[in-house]
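Protein chains: 2
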Amino acid sequence: MQKQETLTKNQKIILDLIEKSDQPLKAYSILFDVKKKGINAPLQVYRALKKLVKIGKIHKIESRNAFIACKNSKCQIAKATVFSICESCEDVTEIHDHKLSEHLRDFKDNKGMKYSKYNLEFFGLCKKCV
Amino acid sequence: MQKQETLTKNQKIILDLIEKSDQPLKAYSILFDVKKKGINAPLQVYRALKKLVKIGKIHKIESRNAFIACKNSKCQIAKATVFSICESCEDVTEIHDHKLSEHLRDFKDNKGMKYSKYNLEFFGLCKKCV
DNA sequence: TAACGCTGTGTAATAATATAACATATTTAA
DNA sequence: TTAAATATGTTATATTATTACACAGCGTTA
Ligand SMILES: [Zn+2]
Ligand SMILES: [Zn+2]
Ligand SMILES: [Zn+2]
Ligand SMILES: [Zn+2]
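The listed protein sequences derive, respectively, from chains A and B. Everything in the first sequence is counted per my numbering, starting at 242 for the first residue and increasing by one. Everything in the second sequence is counted per my numbering, starting at 242 for the first residue and increasing by one.
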């Protein structure tokens with residue numbers, strides 16, 4: 242369900258920037274970078290980020306307040322994200338693990354709660370940093 | 242490994258407050274509540290929170306920037322947390338599911354990364370809010 | 001004892017993250 | 001072709017979190 246063609250100007254500018262980075266970007270660093278393209282205010286950035294998160298083009302790394310592009314162009318799991326985060330170099334990688342996804346998708350607690358979404362962040366040391 | 246007896250005055254005040262609430266509290270709401278006890282500045286709160294998180298007495302709900310007490314007094318999993326969050330009433334519950342914990346503890350990605358910690362947040366609607 | 005490292009405290013200032021409110025424009029759908 | 005929904009630009013402000021500095025208490029150890 243490709244939707245990029247329906248993005249607005251600001252959304253495209255900001256998505257382009259995030260997609261060019263393989264690591265998460267913070268809102269105010271995005272703002273700094275897009276000022277030359279006429280985006281002047283935090284709110285313009287946050288609005289675009291909100292939309293891009295909503296349609297699954299990017300994800301928010303909650304523990305870092307940063308945003309990373311979803312590399313899976315057919316991402317069906319915009320609402321079911323798993324990341325690995327190196328606590329030393331801060332390298333972030335999105336994990337797509339079928340078995341894990343299944344397990345999480347099927348998880349039922351004992352409260353009868355219905356889950357529509359989850360976010361999982363693993364922390365540790367990457368190979369370079371061990 | 243009970244460590245509460247070694248907590249300092251500020252840490253105790255703040256832990257008490259958080260433990261009395263069954264729902265997550267935000268740092269500045271904590272600050273407001275403990276002003277009558279002589280804690281005047283954000284940093285005093287954040288320092289106590291940091292320590293309490295570190296020793297597993299409380300957990301941070303990353304998506305909400307809020308802090309909740311760990312109800313499991315023998316919590317071995319201060320670094321392996323799972324929460325369910327109702328997106329309507331914002332009710333938060335810590336989940337202790339043995340099978341899920343095992344699955345997450347044993348998870349290995351294909352990058353050879355060594356995980357020491359994870360945080361999982363499920364979102365949905367609780368029974369009241371469905 | 002004295003020197004040191006470690007942890008915590010108190011205070012002031014500031015940084016970083018995010019939203020409210022308002023006026024207007026554009027797109028979409030009935 | 002009106003109405004609803006979505007997006008924009010701008011200003012101001014709210015919320016969350018840290019830096020920097022001076023000092024106090026405690027245990028180790030020289
Ligand atoms: Zn993705
Ligand atoms: Zn690393
Ligand atoms: Zn816990
Ligand atoms: Zn609810």
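Don't be surprised by glycine CBs; every beta carbon is placed ideally from N, CA and C.
Check your understanding: Does the Cβ of Thr-322/A lie closer than 7 Å to at least one heavy atom of ligand 1?
Key -> Taking non-hydrogen atoms of ligand 1 into account, the C-beta of Thr-322/A is found less than 7 Å away from one of them.
Practice item. May I ask you to report which of helix, strand or coil DSSP gives Met-242/B? Key: Residue placement at Met-242/B is flagged as unreliable, the pLDDT there being 38, under the threshold of 50; the coordinate-derived value follows with that caveat. Three-state DSSP puts Met-242/B in coil, outside helix and strand.
Practice item. State the Cα-Cα distance for the pair Asn-360/A and Lys-250/B, rounded to the nearest angstrom. Key: 35 Å
Exercise for review: Using a cut-off of 7 Å between C-beta atoms, extract the partners of Tyr-287/B located in chain A.
Suggested key: Correct list: empty, because the minimum Cβ distance to chain A is about 15 Å.
Practice item. Could you tell me the boundaries of the alpha helix (DSSP H) in which Ile-396/B lies? Key: With chain B covering 242 to 371 only, the question about residue 396/B has no answer from this structure.
Review point. Are any of the Cβ atoms in chain A nearer than 8 Å to that of Ile-309/B?
Key: no
Check your understanding: Taking Cβ positions only, does Phe-364/A come closer than 8 Å to chain B?
Key -> yes
**Study point:** Pocket of ligand 4 defined by Cβ to heavy atom distance under 7 Å
**Key:** Chain-ordered, the residues whose CB falls short of 7 Å from any heavy atom of ligand 4 come out as Cys-327/B, Ser-329/B, Cys-330/B, Asp-332/B, Leu-366/B, Cys-367/B, Lys-369/B, Cys-370/B.
Practice item. Give the straight-line distance between the Cα atoms of Ala-307/B and Tyr-356/B, rounded to the nearest whole angstrom. Key: 24 Å
Review point. Residue range of the alpha helix (DSSP H) that Phe-273/B falls in?
Key: 268–275
**Study point:** Residue-level contact to chain A via CB, Cys-330/B, 8 Å cutoff
**Key:** So, not an interface residue.
Point to revise | Proximity winner among Ile-271/B, Leu-258/B, Val-275/B, Phe-324/B, relative to Ser-342/B (alpha-carbon distances) | key: Phe-324/B
Review point. In chain B, which residues lie less than 7 Å from Gly-353/A when you measure between Cβ atoms?
Key: Those are Lys-368, listed as they occur along chain B.
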